[in-house]
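To keep things clear, I will list the structure first and then write my remarks on it.
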Amino acid sequence: MSTLDIRDLQVSIETEQGTKEILKGVNLTVKTGETHAIMGPNGSGKSTLASTIAGHPRYHVDGGSITLDGEDVLAMSVDERARAGLFLAMQYPVEVPGVTMTNFLRTAKTAIDGDAPSLRTWTKEVREAMGQLRIDADFAHRNVNEGFSGGEKKRVEILQLELFKPKFAVLDETDSGLDVDALKVVSEGVNRAQAAGGMGTLLITHYTRILRYIKPDFVHVFVDGRVAEEGGAELADRLEDEGYDRFLTPAGK
Ligand SMILES: Nc1ncnc2c1ncn2[C@@H]1O[C@H](COP(=O)(O)OP(=O)(O)OP(=O)(O)O)[C@@H](O)[C@H]1O
Ligand SMILES: [Mg+2]
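Residue 1 is where the sequence shown starts when you use UniProt numbering, and the numbers rise one by one after that.
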């Protein structure tokens with residue numbers, strides 16, 4: 001059983017107009033086996049939280065802490081975080097020209113685990129995972145994300161999730177841009193990873209439709225860099241009906 005604990009997290013970035021505060025004291029605790037959904041209006045800081053957990057250098061932590069089983073995540077480099085068991089499925093996965101999927105997956109798996117997976121079982125595992133996610137075998141020879149459609153990129157993020165077996169997965173809008181079939185396939189992948197045990201999930205989404213397939217234990221509403229309200233799965237339905245109006249203060253206040 002592991003715990004990812006985020007305490008009073010404050011994050012800013014440097015922009016041409018000066019320092020911009022984005023996260024203004026985020027508290028969140030995720031344990032193995034739990035699924036937490038984060039919902040909230042555009043620009044409220046959801047992806048900033050995801051990037052800060054992963055260690056993106058652009059985001060400066062001004063206060064607070066992130067710990068994984070008591071270990072200081074903020075003191076770790078990006079690759080140390082991955083080895084410690086943190087995984088981020090990006091809202092906009094990047095293309096990596098010149099690196100094939102096969103090479104990338106095996107190199108990343110080796111770096112995360114500290115030793116290379118046995119070639120025979122690994123090849124089979126990759127092939128099976130691709131099949132379950134309905135990713136055509138040809139993709140193994142293509143460069144990472146290069147020319148992939150939006151939905152294909154999202155499936156490949158979940159392929160990595162299933163193969164790398166992290167302790168905590170942050171999925172940033174993995175559902176956006178997916179057609180109904182892909183949404184189901186991707187959700188099943190997340191559920192398989194969760195059912196295998198040993199994983200907690202932070203699911204950032206705008207839509208309750210993915211929550212029909214992936215049942216959240218907790219829903220957090222993110223507004224203006226903070227968690228404004230928390231509840232169970234029913235909160236997501238309420239947000240879909242009512243929007244975020246009641247959380248937003250009129251401009252200028
Ligand atoms: N690198 C950056 N440069 C400038 N502004 C940034 C940067 N990263 C984040 N911001 C700003 O910080 C705020 C929060 O952005 P973030 O991407 O975290 O929002 P979000 O909640 O993920 O929104 P969405 O639902 O649209 O994905 C936004 O106002 C955004 O413009
Ligand atoms: Mg975002």
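Positions of the beta carbon are idealized from the N, C-alpha and C atoms, including for glycine.
Just so it is clear, the structure is predicted and the values come from calculations on it, not from any experiment.
- Per the DSSP secondary-structure output, VAL223 pairs in a beta bridge with ARG226.
- Distances from the CA of VAL26 to each of VAL180, ASP224, GLU80 and LYS109 were compared; the closest alpha carbon is that of ASP224.
- Each of ALA182, ASP175 and GLY197 was checked against the Cα of PRO166, and the nearest Cα belongs to GLY197.
- Using a Cβ distance threshold of 8 Å, GLY189 and LEU163 do not count as a contacting pair.
- Those residues that have a beta carbon less than 7 Å away from any non-hydrogen atom of ligand 2 are, in order along the chain, LYS46, SER47, GLN91, ASP172, GLU173 and ILE204.
- When only Cα atoms are considered, GLU240 and TYR207 end up about 7 Å apart.
- For GLU21, the uninterrupted beta strand (DSSP E) run begins and ends at 18-31, by DSSP.
- CA-to-CA, the gap between ILE158 and ALA89 works out to about 7 Å.
- Secondary structure at GLU173: coil, using DSSP grouped into helix, strand and coil.
- Between VAL186 and LEU28, the CB-CB gap reaches or exceeds 8 Å.
- For ILE135, the three-state secondary structure derived from DSSP is coil.
- Of the heavy atoms belonging to ligand 1, at least one sits nearer than 7 Å to the Cβ of LYS20.
- Contact between ILE38 and HIS220 is confirmed by a C-beta separation of about 5 Å, below the 8 Å threshold.
- Restricted to the stretch 46-105, the alpha helix (DSSP H) segments that are unbroken, complete and at least 4 residues in length are 46-54 and 78-84, listed in chain order.
- About 19 Å separates the beta carbons of ALA193 and GLY151, which is beyond the 8 Å limit, so they are not a contact pair.
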